[in-house]
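Student: Let me give you the structure first, and then I'll get to my questions.
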Amino acid sequence: MTVIITRPAWTIEFENETIDRLIDKHAPHIPKKRLQEPKAIATAEELENFYHFRVGGAAHDLFIVQVVANVIDKIPDPELQLFLSRQLGDDGAHAENTRRRVEALFGHDPIDDIQKQVQKHWDFMGDIPRRGWLGFLAFELHYEHHIVAIGSLNRRLSRLYDPESSSFATARIIPDETFHRAGVAEWWLRKFDKASPTEKAELAAQVIEADEEVQRRRNPYLKEHEKVSRRALGIEVEGTGVIYDTWRQEVLSYFFDIPVSQLPKLVSIDD
Ligand SMILES: [Fe+2]
Ligand SMILES: [Fe+2]
33 MTVIITRPAW TIEFENETID RLIDKHAPHI PKKRLQEPKA IATAEELENF
83 YHFRVGGAAH DLFIVQVVAN VIDKIPDPEL QLFLSRQLGD DGAHAENTRR
133 RVEALFGHDP IDDIQKQVQK HWDFMGDIPR RGWLGFLAFE LHYEHHIVAI
183 GSLNRRLSRL YDPESSSFAT ARIIPDETFH RAGVAEWWLR KFDKASPTEK
233 AELAAQVIEA DEEVQRRRNP YLKEHEKVSR RALGIEVEGT GVIYDTWRQE
283 VLSYFFDIPV SQLPKLVSID D
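Numbered according to the numbering used here, the sequence shown spans residues 33 to 303.
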């Protein structure tokens, strides 16, 4: 049987066009392009806010390293293992660059503060990422795909920045992360597209259930990290939660071939 797949390839253009469409539809007050040039962080207060924001960013990446290191030999799929070896190396390099930039700005190594934040991720995520491939996929979706809209909005709305961190993000983090999201999508679709319609419906229901559990567990952290990010980046535009929620619907629709209108009602970032 020939299966015709009509999904577009997972690319950065696909992401940007989708996010722009969601802004037009749900939050047209959000500018689609940057309106003013950001200012480099300079005051003691701006630096202090930036410290917490970057420690949070490094913890996100180090948590990915720790999860991937845990599961890489537990899912017996050599093609996935090769992809994960790159993800582990890239996200480790992101965490290390952030750690060293913070060290240069503040004169001390923030590794202990970073690990404290990583422990919080383990505390709220529990064993989900290590609970077989279902939980692992839900983890990947949350830590690579669902957060994209937030990152994209932060880049448009930020009024403060650190030039060195931004250069590294443009040169390395953004292309690496696009590769990670496309790699997870390819892995998943290789598996999913071989399934029968009944199996697909079952797989979709199981992963969406795990994805919902992660959303509930992550919500307090996401709220807190949003406050930290807004303070550090000088963001004033409100009402971005709807873009997170509708972007997450688009991701799930893509991964499970279900039109957005037919997805179950999902937990909101604002719940
Ligand atoms: Fe990363
Ligand atoms: Fe990543």
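Cβ coordinates follow ideal geometry from the N, Cα and C atoms, glycine included.
Give the DSSP-derived three-state secondary structure of residue 295 in the structure shown.
Tutor: Coil.
Student: Please name the residue in 84, 226, 161 and 88 whose C-alpha comes closest to that of residue 7.
Tutor: For residue 7 there is no data in the structure shown, the boundaries of the chain being 33 and 303.
Student: Excluding the 5 residues preceding and the 5 following residue 201 in the sequence, name in chain order all residues of the same chain whose CB lies nearer than 8 Å to its CB.
Tutor: none
Student: Cα separation between residue 122 and residue 290?
Tutor: So the two alpha carbons sit approximately 31 Å from each other.
Student: Which residues count as close to ligand 1 when the rule is a CB under 5 Å from any of its heavy atoms, in chain order?
Tutor: 93, 123 and 126
Student: Span of the alpha helix (DSSP H) holding residue 57?
Tutor: 44-58
Student: Kindly indicate the opening and closing residues of the alpha helix (DSSP H) around residue 175.
Tutor: Per DSSP, residue 175 belongs to no alpha helix (DSSP H) and is neither H nor E.
Student: For residue 152, which of helix, strand or coil comes out of DSSP?
Tutor: Helix.
Student: Between the Cα of residue 191 and the Cα atoms of 264, 166 and 136, which residue gives the shortest distance?
Tutor: 264
Student: What residue range is occupied by the uninterrupted alpha helix (DSSP H) comprising residue 110?
Tutor: 110-138
Student: Between residue 119 and ligand 2, is there a pair consisting of the residue's CB and a ligand heavy atom that are separated by less than 7 Å?
Tutor: yes
Student: Which residues bound the alpha helix (DSSP H) around residue 269?
Tutor: Where residue 269 is concerned, there is no enclosing alpha helix (DSSP H), given that its DSSP letter is neither H nor E.
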